[in-house]
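Since the structure comes first, as structure tokens, the remarks are kept for the end.
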Amino acid sequence: MGLSGIFKKAGQVKKKTEQAGDKGEKPDKSLYRIGVYGHKGVGKTVFFTIVYAFSKKQEDFEIMALGETQEILEEKFNLMRGKGMDLKTGQAIDSRRFPPLSTGEQKLDFEVRVGENTIVPVTTMDYSGELIYIDTRGELKQSLIDFFKNCECVLFFIDPEGLGNEAERSNRIAAFTDLIAQLSGRDKRLKMPVGLVITKSDELASFKSAEQSVVIGMGNGYIRALNFAGFLRGVLKQRHVASRPEWKNELELILNRLESFFKPLLNRTMDFQVFFVSSTGNSPDIIADPSGDKIKVPPQDLRPLGVSFPLRWAIRRISSYRQSIIHRTILKWTFLIVALIINLVALVNIYNGIKIRSLIWDIKNIGGAYSEVNKAIADRYEKYANNIIIKLFFREFSSKTLAEAKYFRTIGANQAHSELEKQFKAIITTLDNKIAGLNVQDTTAYNKELLSVDSLFMKADQIAQSVSDQSLKKTMSDQISIRKQRRTDLPTSANLAARQSLTNDYQQLVRDFRDRLAMLDYDYLLNKDKFPATLQAFKDSKLAPLVNDPTAASYSRKITAYLDGVTTIERGTILIPFKIIGADGGQSGYTISFVGAQAQEFSPGDLESSRTDLQVRVPVKSQNVQIVLSKAGTPVPGGVYPINPGYHILTLNGQKIPFVDKNINIQLIFDLTEFHSYFKDKL
14 MGLSGIFKKA
24 GQVKKKTEQA
34 GDKGEKPDKS
44 LYRIGVYGHK
54 GVGKTVFFTI
64 VYAFSKKQED
74 FEIMALGETQ
84 EILEEKFNLM
94 RGKGMDLKTG
104 QAIDSRRFPP
114 LSTGEQKLDF
124 EVRVGENTIV
134 PVTTMDYSGE
144 LIYIDTRGEL
154 KQSLIDFFKN
164 CECVLFFIDP
174 EGLGNEAERS
184 NRIAAFTDLI
194 AQLSGRDKRL
204 KMPVGLVITK
214 SDELASFKSA
224 EQSVVIGMGN
234 GYIRALNFAG
244 FLRGVLKQRH
254 VASRPEWKNE
264 LELILNRLES
274 FFKPLLNRTM
284 DFQVFFVSST
294 GNSPDIIADP
304 SGDKIKVPPQ
314 DLRPLGVSFP
324 LRWAIRRISS
334 YRQSIIHRTI
344 LKWTFLIVAL
354 IINLVALVNI
364 YNGIKIRSLI
374 WDIKNIGGAY
384 SEVNKAIADR
394 YEKYANNIII
404 KLFFREFSSK
414 TLAEAKYFRT
424 IGANQAHSEL
434 EKQFKAIITT
444 LDNKIAGLNV
454 QDTTAYNKEL
464 LSVDSLFMKA
474 DQIAQSVSDQ
484 SLKKTMSDQI
494 SIRKQRRTDL
504 PTSANLAARQ
514 SLTNDYQQLV
524 RDFRDRLAML
534 DYDYLLNKDK
544 FPATLQAFKD
554 SKLAPLVNDP
564 TAASYSRKIT
574 AYLDGVTTIE
584 RGTILIPFKI
594 IGADGGQSGY
604 TISFVGAQAQ
614 EFSPGDLESS
624 RTDLQVRVPV
634 KSQNVQIVLS
644 KAGTPVPGGV
654 YPINPGYHIL
664 TLNGQKIPFV
674 DKNINIQLIF
684 DLTEFHSYFK
694 DKL
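Going by this note's numbering, the first residue of the sequence shown is number 14, and it counts up by one from there.
Next comes the structure, spelled out in structure tokens:
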């Protein structure tokens, strides 16, 4: 397909889109909306013209203009080349000219081919740069602002001339800051990527190659999270910048002038990029117009540098944003479905529990003749077993209750005593085994076994009531009573749940202890107003009422042992040996000393790495202890580190003492073996 065929097809696509809009259909959400923000004369129109015209020469990136956009850009490109025909007047173009400044606003529609087969619909707008001056008002400017608010990426254009003129730079900074504020959300964060594009870079002496176009290179995105000074250092350290000394110096000067542009970006987003582009590649030619005035015209040899990079980047970032929205939507619905399933399972279990309690209540309150009672029990078991929810979610419950129903239906009122006695003995044996085995911790399993035990008691009671021999009946009743007493002594499911809750609470305390120990937070672990107070409160409120519970008694003993160890340490009799690394001493070496401490708390004198008799008494009682660093006997400026009372000094174990000079690597290494023995393994 030739170039004209491509434009014809593009026009058909636009026509279909417009027809769909006329019918009231929703606009195509696949449309990529890219806003280009720039003042008068900054080069927006030339940029659109050149990036459109020269994309045809690139294998992996091509722009196809749609409808009127094609005519507009073709006319401007012909004007820049000094060739072709003016489409409005029909006159031949015989000299090169830059396109006239835009007036009003003009929507531009494209299809962009990215790679081999990916076609992306893109829309943007060309407009008069005067509209965005900070003091400009009117419907056109508001229309432009509304367009930017609906964009998914914004490219802000500025030229070197605008950077060099202080007044013009201030005006553009104000306009840029105003735009960023209007595009930010309530949390003052930008929800879209922003590209800062320095146009007319051919005016910069050291800008020679498209490799210089993209400022923040791959793998260096971390510098966006820094303040401006850090950002500037990070940019200049990059290999593709540092390897070009002249470009590095000129880039540093330009970025410093752009500092006020970067501040709102660094405060509101980490998704931005900086580009240097030249739409002509060479400096414009200077000629005299018919009136004799000197004017700039495009060079005869147009060799644009980097013009496609901003649009490529914008399309990639928009695609990434849309993909993240899809992922977040999938994740949200996944969470909702999982939550729904969890709630459904919980509701079904609650429903089953209600049905079981209702079944037990009904069976306990059945009266009448023996044969009628058996039938009534069987009816109720079958009603529970045939419930559609029970059959669907609790098949094991359903099958067992159906077996129970069958059993009660088969019991005859005229069973022989020998058969009844045989059945009774089997039931009693089963009861004994089940009661002895009722030590499960799972509440659902425990309730199921209790239901089975209660069912066996009902069977045993029915058999005992059906026996006419009073002596045998009394014997059976006595055996049932003994086992019912055992049943009464069993813990309820609520007690089991309470025990599990107690265990969970205690394990949380143990985890808290381990976490704080890993952080060397001895002040929290040993200060009686902190973790020991929490342990004491747990012991008094949760464990003390459970005087006969073995689990509670075990936890209480462990907590008491821990608190006893804390009390021993708090007496201030514990001496902890330690050594120093990095304090070499000597005429030019470092030493440290403890200033403000009571004599019995720390080893006296200047301390260095060769000392082997060092020890500290904890907890530290003094209020104003400081570690003072000296070199060759003279205190080092900034070499003071305060030690709070208590166990604060132990947090330095194995760590650099944080003096002002970060290069001083002096460490305290404590031998905590005996110290830990008072409390570490007590819980």
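Beta carbons are placed, not taken as given, at the ideal position from N, Cα and C, and that holds for glycine.
Residues that DSSP places opposite residue i in a beta bridge
i: Gly247; result: DSSP, once it has assigned bridges, lists no residue as partnering Gly247.
i: Asp122; result: Thr136
i: Phe615; result: Val629
i: Tyr537; result: Tyr537 is not bridged to any residue.
i: Tyr45; result: Val135
i: Asn666; result: Leu681
i: Val638; result: Ile656
i: Gln286; result: Gly208
i: Pro648; result: Ser643
i: Met77; result: Glu124
i: Phe698; result: Residue numbering for the chain in the displayed model covers 14 to 696; residue 698 lies beyond these limits and cannot be assessed.
i: Val310; result: Asp298
i: Tyr364; result: In DSSP, Tyr364 forms no bridge with anything.
i: Lys592; result: Ile682
i: Phe169; result: Tyr50 and Leu209
Spatial distance of residue i from residue j (CA atoms)
i: Phe57; j: Lys213; result: Checking the displayed sequence, the identity of residue 57 turns out to be Lys instead of Phe. Lys57 and Lys213: Cα-Cα distance of roughly 10 Å.
i: Ala429; j: Lys472; result: Confidence at Ala429 is low in this model, with a pLDDT of 49, below 50, so the placement of that residue should be treated as unreliable; the coordinate-derived value is given next. Ala429 and Lys472: Cα-Cα distance of roughly 16 Å.
i: Pro112; j: Tyr235; result: 40 Å
i: Arg329; j: Glu72; result: 17 Å
i: Pro632; j: Ile594; result: 23 Å
i: Asn130; j: Ala194; result: 38 Å
i: Leu176; j: Asn262; result: 16 Å
i: Lys435; j: Met489; result: 12 Å
i: Ser623; j: Asp597; result: 7 Å
i: Gln32; j: Asn233; result: Confidence at Gln32 is low in this model, with a pLDDT of 42, below 50, so the placement of that residue should be treated as unreliable; the coordinate-derived value is given next. Near 46 Å, if we compare the C-alpha coordinates of Asn233 and Gln32.
i: Asn676; j: Lys592; result: 20 Å
i: Val653; j: Ser643; result: 9 Å
i: Ala426; j: Asn399; result: With a pLDDT of 42 at Ala426, under the threshold of 50, the predicted position of this residue should be treated as unreliable, and no value is reported.
i: Phe274; j: Phe189; result: 7 Å
i: Phe288; j: Trp346; result: 39 Å
i: Leu463; j: Lys377; result: 14 Å
i: Leu556; j: Asp562; result: 9 Å
i: Asn620; j: His689; result: Here residue 620 turns out to be Leu, not Asn, going by the sequence shown. Leu620 and His689: Cα-Cα distance of roughly 25 Å.
i: Phe526; j: Ile354; result: 35 Å
i: Asp11; j: Ser554; result: Nothing in the structure corresponds to residue 11, since the chain is present only between 14 and 696.
i: Pro725; j: Ile300; result: The structure shown does not extend to residue 725, since the chain spans only 14 to 696, so no value can be given for it.
i: Asp684; j: Pro558; result: 40 Å
i: Ile572; j: Val361; result: 40 Å
i: Val290; j: Arg341; result: 35 Å
i: Glu224; j: Asp215; result: 14 Å
Exposed unless 16 or more other CB atoms sit within 10 angstroms - verdict on residue i
i: Met532; result: exposed
i: Thr293; result: buried
i: Trp374; result: exposed
i: Phe244; result: buried
i: Met231; result: exposed
i: Gln286; result: buried
i: Gly80; result: buried
i: Leu357; result: exposed
i: Ser479; result: buried
i: Ala352; result: exposed
i: Glu432; result: exposed
i: Ile220; result: First, the amino acid is wrong: residue 220 is Phe here, not Ile. Buried is the call here.
i: Lys419; result: exposed
i: Lys22; result: At Lys22 the pLDDT is 39, less than 50, meaning the model places this residue with poor confidence and gives no usable figure here.
i: Phe348; result: exposed
i: Ala416; result: exposed
Contact belief for residue i with residue j at Cβ below 8 Å, rounded distance in angstroms
i: Tyr701; j: Tyr660; result: A question about residue 701 goes unanswered here, because the residues of the chain that appear run from 14 up to 696.
Using 8 Å as the threshold, is the region 532-550 in touch with the region 488-497, meaning 3 or more CB pairs across them? no
Under 8 Å, with one C-beta from each stretch per pair, do the region 232-249 and the region 276-291 reach the 3-pair mark? yes
Using 8 Å as the Cβ pair cut-off and three pairs as the minimum, do the region 46-54 and the region 159-169 touch? In the pairwise beta carbon analysis, the region 46-54 is classified as touching the region 159-169: at least three pairs are separated by under 8 Å.
Contact between the region 405-412 and the region 430-445: three or more CB pairs below 8 Å? no
Cβ contact check for the region 512-525 and the region 676-686: 3 or more pairs under 8 Å: no
Under 8 Å, with one C-beta from each stretch per pair, do the region 546-558 and the region 570-584 reach the 3-pair mark? yes
Taking 8 Å as the cut-off, does the region 315-327 touch the region 248-256 (at least 3 CB pairs, one atom from each stretch)? no
Closer than 8 Å is the cut-off here; do at least three beta carbon pairs connect the region 61-80 with the region 180-188? No, because fewer than three Cβ pairs between the region 61-80 and the region 180-188 fall closer than 8 Å, the two stretches do not touch.
With a cut-off of 8 Å, do at least 3 Cβ pairs link the region 299-318 to the region 254-261? no
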